[in-house]
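Asks: Sharing a structure below in structure tokens format, with a few things to ask.
Numbering (our numbering), first residue to last: 1 to 290.
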């Protein structure tokens, strides 16, 4: 506690004590809505983010049209605007943009590691070492859609400005992302998933306003719909010993499937998947796949 102000370390935390307790119960498998107090941070204004875009390598910036369908065949087409124009005029540019790996810029790295540091004890107790911390910032025009996909990281999406709805589907369920799609992804394939309207019955919606966040389990299929105003969101992600084992087990299943077998899908946490992960790592180390 600061002796002058009476402010405790907990008061300064972006994730309050109640939120950290919720996270501890839910992590890593149960999607849960959380709260944060980051929405007015000076590094996360449109002007600051336009400046950040100018500091990132071109391959760490992606931006395109915002009026996309939920299901997308391949990558979307660009808008013709610069990334700075896209960000500064997001309210009218009908665009969606993501700034990737913001930790490459020192002040954003400090911010990311501070946020994850509040959760690190819980993370490492359950899923092992917190690895490859990364930050992604999404700047979206009103009503923009991020199409149906999955991601290999543990993820918390923090809503900063505007509103959006994260629509999630159960992780590891073959109905929403077939095992063969997982295997193809971990062998270098796309993260975009094939959408069918009948999948909608399995969805759980998480409406997000400024100050709210949602945890996304590893490889949980999802899509995102922005509300009637432009939106800024921050995604803080990390890998873990468990997530790498799950990924390598998927890769081993791909090897087995090519050999004519029909392997069982890796287990979700708390299953470790160590046997299949170890087999794939030995196979890779011996160069048998080259």
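From the three backbone atoms N, C-alpha and C, an ideal C-beta is built for every residue, glycine too.
It should be emphasised that the depicted structure is a prediction, and the values quoted were computed from it without experimental measurement.
With DSSP run on the structure shown, which of helix, strand or coil describes residue 191?
Replies: Residue 191: coil per DSSP, three-state reduction.
Asks: Which class does residue 110 belong to by DSSP, given the choice of helix, strand or coil?
Replies: The answer is helix: DSSP assigns residue 110 an H, G or I state.
Asks: At the level of alpha carbons, what is the spacing between residue 166 and residue 203?
Replies: Cα to Cα, the separation comes out at about 10 Å.
Asks: Starting from residue 224, trace the beta strand (DSSP E) in both directions and tell me its first and last residue.
Replies: Taken as a continuous stretch (DSSP letters only), the beta strand (DSSP E) holding residue 224 covers 222-226.
Asks: Please name the residue or residues paired with residue 155 in a DSSP beta bridge.
Replies: Residue 155 is bridged to 216, 237.
Asks: Do you know how far the Cα of residue 250 is from the Cα of residue 194?
Replies: Rounded to whole angstroms, residue 194 to residue 250 spans 19 Å at the Cα level.
Asks: Use the C-beta contact count for residue 261: other C-beta atoms within 10 angstroms, 16 or more gives buried, fewer gives exposed.
Replies: Exposed is the call here.
Asks: Can you determine whether any heavy atom of the ligand GTP sits closer than 7 Å to the C-beta of residue 215, and answer yes or no?
Replies: Among the components modelled here there is no ligand, and therefore nothing to report on the ligand GTP.
Asks: Would you list, in sequence order, the uninterrupted alpha helix (DSSP H) runs of no fewer than 4 residues that lie entirely inside the segment 97-145?
Replies: 106-127, all fully within the segment 97-145.
Asks: Does the beta-carbon distance from residue 240 to residue 154 come in below 8 Å?
Replies: Yes. Within cutoff.
Asks: Which residues bound the beta strand (DSSP E) around residue 25?
Replies: From DSSP, residue 25 is part of no beta strand (DSSP E) but of the alpha helix (DSSP H) over 17-26.
Asks: Would you tell me roughly how many angstroms separate the C-alpha atoms of residue 136 and residue 64, rounded to the nearest one?
Replies: Cα-Cα distance, rounded: 16 Å.
Asks: How do the segment 161-177 and the segment 117-124 stand: do at least 3 beta-carbon pairs fall below 8 Å, yes or no?
Replies: No, they do not touch.
Asks: What do you reckon, are the CB atoms on residue 231 and residue 146 nearer than 8 Å?
Replies: No, they are not a contact pair.
Asks: Do you know how far the Cα of residue 120 is from the Cα of residue 238?
Replies: When rounded, the distance between both Cα atoms is 10 Å.
Asks: Hey, out of 245, 99, 148, 112, whose CA is closest to residue 51's CA?
Replies: Comparing Cα-Cα distances from residue 51 to each of 245, 99, 148, 112, the minimum goes to 99.
Asks: Tell me, please, which residues DSSP counts as bridged to residue 280.
Replies: Residue 280 pairs with nothing; no bridge assigned.
Asks: Return the CA-CA distance between residue 86 and residue 278, expressed in angstroms with no decimal places.
Replies: Each residue's Cα considered, the two are about 45 Å apart.
Asks: Let me know if residue 114 comes out buried or exposed under the rule of 16 or more other beta-carbons within 10 Å of its beta-carbon.
Replies: Exposed is the call here.
Asks: With distances taken between CB atoms, is the gap from residue 254 to residue 183 smaller than 8 Å?
Replies: Their beta carbons are under 8 Å apart, which means residue 254 touches residue 183 by this criterion.
Asks: Taking only three categories from DSSP, how would you classify residue 70?
Replies: Coil, per DSSP.
Asks: Does residue 183 come out as helix, strand or coil in the three-state DSSP assignment?
Replies: Three-state result, residue 183: helix.
Asks: Would you call residue 288 buried or exposed, if buried means 16 or more other Cβ atoms sit within 10 Å of its Cβ?
Replies: With fewer than 16 Cβ atoms within 10 Å of its Cβ, residue 288 is classed as exposed.
Asks: What are the boundary residues of the alpha helix (DSSP H) that residue 86 is part of?
Replies: That run of the alpha helix (DSSP H) goes 83-88.
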